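Asks: After the structure tokens below, expect a handful of questions from me.
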Amino acid sequence: MKRLSRREFFRTTGFVALGAFAAACTKKLKVKTGTTLASITSGHQQTLQMNTAGFEILSGRPDRFVFNLIDPANGSAITTPQVQMWIAVDQKSAATGPLTATYRADGLPADKGFYETPVTIPTDGTWLAVIEAQRNGRTDFGAGQFQVGRQTAMPKPGDHAVIVPTPTYKNHRGVNPICTANPQCSMHAISLDEALKNGKPTVLIISTPKFCTSALCGPETDVVQSVSKGFAGHINFIHVEVYKDDKARRPGTSTRSRRSTTSTRVASSRAGRSDRPTRPKFKWQRRRSPARATARAPPSQPRPDQWLR
């Protein structure tokens, strides 16, 4: 499927671009026959910045679609309890929706939450999403596009966990700093390969609080850190930074082993098994996904700052 430029998407749907845009449920989705994204957005301006948190969405199976909304006028987060969402393979095909996305901020500051809605995407490729939010007596819209595929570089529920050594206080394994949180978290006491041998459940979070670009890395790391205090001695909690250092921003060895190229993944594992939870990520500024068999961004993909030229 041909990827749409930002300008093409807005021109076809009738949106006016206002600036650069920054598992599971078995519920069957509704399809509003005859309704297209073009008709939904006709005559409206795009007034919200939409950032996805779902790093990879698999086709043909239930998944969660996660995102946040920002008011580009002042950078504040939208925290309306519920918003409506439509998705489609293009602007003129029948759209799936409206889907209700609910705001979640459990254990987080009110403005650090996210929206989530269950989805089952039937086919691979580039999909489009439109969000409608009611606030301050007016209707706001946001939009984005996301990739869907049958294969993922991340472990799926039931897959064996990737056994790889990770940086610890005693052995940084060439990573400095081993934690960019301030103050540093306490989740570097044991290496992942050792944790998977001791018979305890393991929670692994790969995140970079200092260099997070999704506004979710830091809060997620804090939440996992706070939860770990109540399970000391019973569950292994491990944090791994994305980058090898705070200068060149090179992915660390253990991060590369998991094909990780972006902010946050969280996985729980017991006896070498892993479960995939929420993975925050997608913006109008498209980020390239890890190596995968489907829906990869072509090498010629323009940079985000070229889209509106």
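With my numbering as the guide, the letters of the sequence shown map in order to residues 1004 to 1312.
Positions of the beta carbon are idealized from the N, C-alpha and C atoms, including for glycine.
None of the values given here were measured: they were computed from a predicted structure.
1. Short check: CB of Asp1127 to CB of Leu1051, under 8 angstroms?
2. In the structure shown, what three-state DSSP assignment does Pro1125 receive?
3. Can you tell me whether Thr1103 is buried or exposed, with buried defined as 16 or more other CB within 10 angstroms of its CB?
4. Alpha carbon to alpha carbon, how far is Ile1134 from Gln1334? Give it in angstroms, no decimals.
5. With Val1165 and Ile1060 assumed to form a contact (beta carbons below 8 angstroms), what rounded beta-carbon distance in angstroms separates them?
6. Cβ atoms of His1237 and Lys1203: under 8 angstroms apart, would you say?
7. Is it right to say Ala1192 is buried, meaning 16 or more other beta carbons lie within 10 angstroms of its own, or is it exposed?
8. Under 7 angstroms Cβ to Cβ from His1175, same chain only, skipping five residues before and after it: list those, please.
9. Please check the pair Asp1249 and Thr1183, which I expect to be a contact at CB under 8 angstroms, by giving their CB distance rounded to whole angstroms.
10. Short of 7 angstroms in beta carbon distance, which residues of its chain neighbour Pro1222, apart from the five on each side in sequence? Order them along the chain.
11. Just to confirm the assignment: which complete beta strand (DSSP E) runs, minimum length 3, are found wholly within the segment 1030–1091?
12. Round the Cβ separation of Asn1071 and Tyr1118 to the nearest angstrom and send it over; I've been treating them as touching at under 8 angstroms.
13. Sorted by chain position, which residues of the same chain lie with C-beta nearer than 7 angstroms to Lys1030's C-beta, five sequence neighbours on each side aside?
14. Report the rounded CA-to-CA distance for Ala1235 versus Asp1109, giving the unit in angstroms.
15. So, helix, strand or coil for Pro1101, using DSSP?
16. Kindly identify the DSSP beta-bridge partner or partners of Asp1196.
17. With a threshold of 16 other CB atoms inside 10 Å of the CB of Gly1100, please say whether the residue is buried or exposed.
Replies: According to the data block:
1. no
2. coil
3. exposed
4. Here the chain covers residues 1004 to 1312 and nothing more, so residue 1334 does not appear.
5. 21 angstroms between Cβ atoms; not a contact.
6. yes
7. exposed
8. Ile1181
9. 7 angstroms
10. Leu1111, Lys1115
11. 1034–1039, 1052–1055, 1065–1074, 1085–1091
12. 7 angstroms
13. With a pLDDT of 44 at Lys1030, under the threshold of 50, the modelled position of this residue cannot be trusted; read the value that follows with caution. Result list for Lys1030: Pro1121, in chain order.
14. 22 angstroms
15. strand
16. The partner list for Asp1196 (beta bridge, DSSP) is empty, contrary to what the question assumes.
17. buried
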